[in-house]
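For reference, the structure is listed below as structure tokens.
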Amino acid sequence: MSGNPYQDDRGNKDASITNPHGQGTLIASGTQVRPMPGGDGPFLIGENMTGGYGKAGPDILHGCTIAVEKGEIAVIVGPNGAGKSTAMKAVFGMLDLREGRVLLDGEDITQLTPQARVRYGMGFVPQTSNIFTSMTVEENLEMGAFIRTDDFRKTMEQVYELFPILREKRHQAAGELSGGQRQQVAVGRALMTQPKVLMLDEPTAGVSPIVMDELFDRIIEVARTGISILMVEQNARQALEIADKGYVLVQGANGYSGTGKDLLANPDVRRSFLGG
Ligand SMILES: Nc1ncnc2c1ncn2[C@@H]1O[C@H](COP(=O)(O)OP(=O)(O)OP(=O)(O)O)[C@@H](O)[C@H]1O
Ligand SMILES: [Mg+2]
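Residues in the sequence shown are numbered from 1 upward in steps of one, following full-length UniProt numbering.
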């Protein structure tokens, strides 16, 4: 990837994956959501998060803070075992925090279950087991719409427009697809709830550089529609190139943070985390 990823000839200008009326009305109609006051803080923030697994497990996160603004892409990078997935799980409510809180559009959602967070506008694609392999592509998308009581056909159509190969393969078992196509199923499934924030844990794991580039293009497209993207990436350099904001996590704490550009230019970050 070269040059400015936000240049106008990148991707298409179709904003149809999201509600045309923009941010704030993306949640599936029919779900019960309190009106959310817009605050001055970031759109989504996991603030000063400290915690680990289970009641007695050691802390994995140590005062970790991760945030993303509306329609922006925030990327978390860092060595294996740094706690990147744990930070994502904490933001999604799969971890009991011992300290810190999670705010979405100014509302404290720290006590909400993951299911409640989905209703609140969060979509999460975990690092592993993120599709139902024995179900068809279309059944996976239908499963994604589980919280919706309204007609989700239009959203499914938008997912197929974003990922045309999924339309072609919609009656095939998802487990028969290539790695990149499976990741498209996983992202598509998460989009079915019309999230305001899409959290992706290593969406390009195990795919070729070309497929990685294509996936990043689609992710940029989704962000352009006003959906915030919070993404963990092993392909740190390429991910930081498309990131508005980047976080380098080291042993469960914030090592470095800044704009994607800043981190790419930072000599320490380059030497320690980007291979020079
Ligand atoms: N379910 C779990 N129960 C207990 N400990 C866990 C669990 N999942 C992860 N850990 C521990 O938490 C620490 C951070 O793991 P985590 O998966 O968050 O790292 P990561 O940065 O996502 O790594 P990777 O790049 O390999 O995906 C590790 O020490 C790991 O062993
Ligand atoms: Mg991980």
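For each residue, glycine too, the CB sits at the ideal point set by N, CA and C. Remember, it's a predicted structure, so these values are computed and weren't measured experimentally.
Open item on the list: Distance check for Met-88 and Gln-251, CA to CA, integer angstroms please.
Closed with: For this step, residue 251 is matched to residue 251 along the sequence shown. For this step, residue 88 is matched to residue 88 along the sequence shown. One C-alpha to the other measures close to 14 Å.
Task: Closest by C-alpha distance to Val-211, when choosing among Gly-52, Asn-235, Ile-73 - done: Taking the first residue of the sequence shown as 1, we reach residue 211 at position 211. Of the candidates Gly-52, Asn-235, Ile-73, Asn-235 places its Cα closest to the Cα of Val-211.
Task: Val-118 and Thr-110 closer than 7 Å at C-beta - done: As a first step, residue 118 is located in the sequence shown; it is residue number 118 there, counting from the start. As a first step, residue 110 is located in the sequence shown; it is residue number 110 there, counting from the start. Contact: no.
- [ ] Apply the 10 Å Cβ neighbour rule to Pro-42 and answer buried if 16 or more other Cβ atoms are within range, or exposed otherwise.
- [x] Start at 1 with the first residue of the sequence shown, and residue 42 comes out as number 42. Pro-42 counts as buried, since no fewer than 16 other beta carbons sit within 10 angstroms of its beta carbon.
Open item on the list: With DSSP as the reference, identify every bridge partner of Thr-136, one or two as the case may be.
Closed with: Along the sequence shown, read from residue 1 onward, the residue named residue 136 stands at position 136. Ala-173.
TODO: Give the DSSP bridge partners of Arg-271, in chain order.
DONE: Within the sequence shown, the letter at position 271 stands for residue 271. None; Arg-271 has no bridge partner.
- [ ] Can you give me the start and stop residues for the beta strand (DSSP E) that Ala-253 sits inside?
- [x] If you number the sequence shown from 1, residue 253 lands on position 253. First-last of the beta strand (DSSP E) with Ala-253: 253-258.
Open item on the list: On the DSSP bridge list, what partners appear for Asp-217?
Closed with: To locate residue 217, count along the sequence shown from 1; it is residue 217. Beta-bridge analysis with DSSP links Asp-217 to no other residue.
TODO: Compare the C-alpha of Ser-257 against each of Glu-69, Met-49, Val-77 and name the closest.
DONE: The sequence position of residue 257 within the sequence shown is 257, counting from 1. Nearest of Glu-69, Met-49, Val-77 to Ser-257, Cα basis: Val-77.
Open item on the list: So, does the segment 48-60 touch the segment 223-230, judging by three or more C-beta pairs under 8 Å?
Closed with: Result no; under three Cβ-Cβ pairs closer than 8 Å.
Open item on the list: For Glu-99 and Gly-275, what's the separation of their Cα atoms in angstroms?
Closed with: Counting from 1 along the sequence shown, the entry for residue 99 is found at position 99. Counting from 1 along the sequence shown, the entry for residue 275 is found at position 275. Annotation: Glu-99 to Gly-275 spans about 33 Å, alpha carbon to alpha carbon.
Open item on the list: On a Cα-Cα basis, can you pick out the residue from Ser-272, Phe-124, Met-94, Ile-60 that is closest to Ala-82?
Closed with: Taking the first residue of the sequence shown as position 1, residue 82 is located at position 82. When each option's Cα is compared against that of Ala-82, the closest is Ile-60.
- [ ] Mind listing which residues have their beta carbon within less than 7 Å of any non-hydrogen atom of ligand 2? Chain order is fine.
- [x] So the residues near ligand 2 by this Cβ test are Lys-84, Ser-85, Gln-127, Asp-201, Glu-202, Val-232.
Task: Pair within 7 Å by beta-carbon distance, Tyr-160 and Arg-167 - done: In the sequence shown, residue 160 corresponds to position 160, counting from 1. In the sequence shown, residue 167 corresponds to position 167, counting from 1. Against a cut-off of 7 Å, the Cβ pair of Arg-167 and Tyr-160 comes out as a contact.
Open item on the list: I need the DSSP call for Phe-163, collapsed to helix, strand or coil.
Closed with: As a working note, residue 163 is residue 163 in the sequence shown. Three-state DSSP puts Phe-163 in coil, outside helix and strand.
Open item on the list: Suppose you measure from the CA of Gly-144 to the CA of Asn-130; what does that come to, to the nearest Å?
Closed with: Sequence index remark: in the sequence shown, residue 144 carries index 144 (1-based). Sequence index remark: in the sequence shown, residue 130 carries index 130 (1-based). One C-alpha to the other measures close to 11 Å.
- [ ] Decide if Gln-115 is buried, meaning its Cβ has at least 16 other Cβ atoms within 10 Å, or exposed.
- [x] By 1-based counting over the sequence shown, the position of residue 115 is 115. The C-beta of Gln-115 has fewer than 16 other C-beta atoms within 10 Å across all chains shown, which makes the residue exposed.
TODO: Drop a sphere of 10 angstroms on the beta-carbon of Asn-140, count the other beta-carbons inside from all chains shown, and report buried for 16 or more, exposed for fewer.
DONE: Numbered from its first residue, the sequence shown carries residue 140 at position 140. Under the 10 Å beta carbon count, Asn-140 is surrounded by 16 or more other beta carbons and is classified as buried.
TODO: Look at the Cβ atom of Leu-44, then the Cβ atom of Leu-97, and state whether they are nearer than 7 Å.
DONE: The residue given as residue 44 occupies position 44 in the sequence shown. The residue given as residue 97 occupies position 97 in the sequence shown. No, these two residues do not count as a Cβ contact at 7 Å.
Task: Reference Gln-127, options Ser-272, Val-232, Glu-221, Asp-244, closest by Cα - done: Against the sequence shown, residue 127 aligns to sequence position 127. That would be Val-232, whose Cα lies nearest to the Cα of Gln-127.
Task: Opening and closing residue of the beta strand (DSSP E) in which Gly-52 lies - done: Position 52 of the sequence shown, counted from the start, is the residue given in the question as residue 52. From DSSP, the beta strand (DSSP E) with Gly-52 extends over 44-52.
Open item on the list: So the candidates are Leu-177, Gln-184, Gly-121; which of them puts its Cα closest to the Cα of Ser-134?
Closed with: The count along the sequence shown starts at 1 and reaches residue 134 at position 134. If you compare the alpha carbons of Leu-177, Gln-184, Gly-121 with that of Ser-134, the shortest gap goes to Leu-177.
Open item on the list: Here's the rule I'm using: 16 or more other beta-carbon atoms within 10 Å means buried, otherwise exposed. How should Gly-206 be labelled?
Closed with: By one-based count along the sequence shown, residue 206 stands at place 206. The residue in question, Gly-206, is exposed, as its Cβ has fewer than 16 Cβ neighbours within 10 Å.
Task: Whole-Å CB distance - Thr-196 paired with Gly-121, under 8 Å assumed - done: Numbered from its first residue, the sequence shown carries residue 196 at position 196. Numbered from its first residue, the sequence shown carries residue 121 at position 121. At residue 196 the sequence reads Lys, which differs from the Thr that was named. With a Cβ gap of about 4 Å, Lys-196 and Gly-121 count as contacting.
TODO: Would you tell me roughly how many angstroms separate the C-alpha atoms of Ser-85 and Val-125, rounded to the nearest one?
DONE: Stepping through the sequence shown from its first residue, residue 85 is reached at position 85. Stepping through the sequence shown from its first residue, residue 125 is reached at position 125. Inter-residue distance for Ser-85 and Val-125 is about 11 Å (C-alpha atoms, whole angstroms).
Open item on the list: Please state the DSSP three-state secondary structure of Ala-243.
Closed with: Here the question's residue 243 lines up with position 243 in the sequence shown. Note: Ala-243 maps to coil in three-state DSSP.
Open item on the list: With a threshold of 6 Å on Cβ separation, who are the neighbours of Val-91 within its own chain once the five nearest residues in sequence on each side are excluded?
Closed with: Mapped onto the sequence shown, residue 91 falls at position 91. Gly-46, Val-102.
Task: Whether Leu-198 touches Gly-123 by CB criterion (7 Å) - done: For the purposes of this step, residue 198 is taken as residue 198 along the sequence shown, with counting starting at 1. For the purposes of this step, residue 123 is taken as residue 123 along the sequence shown, with counting starting at 1. Between Leu-198 and Gly-123, the C-beta spacing is below 7 Å.
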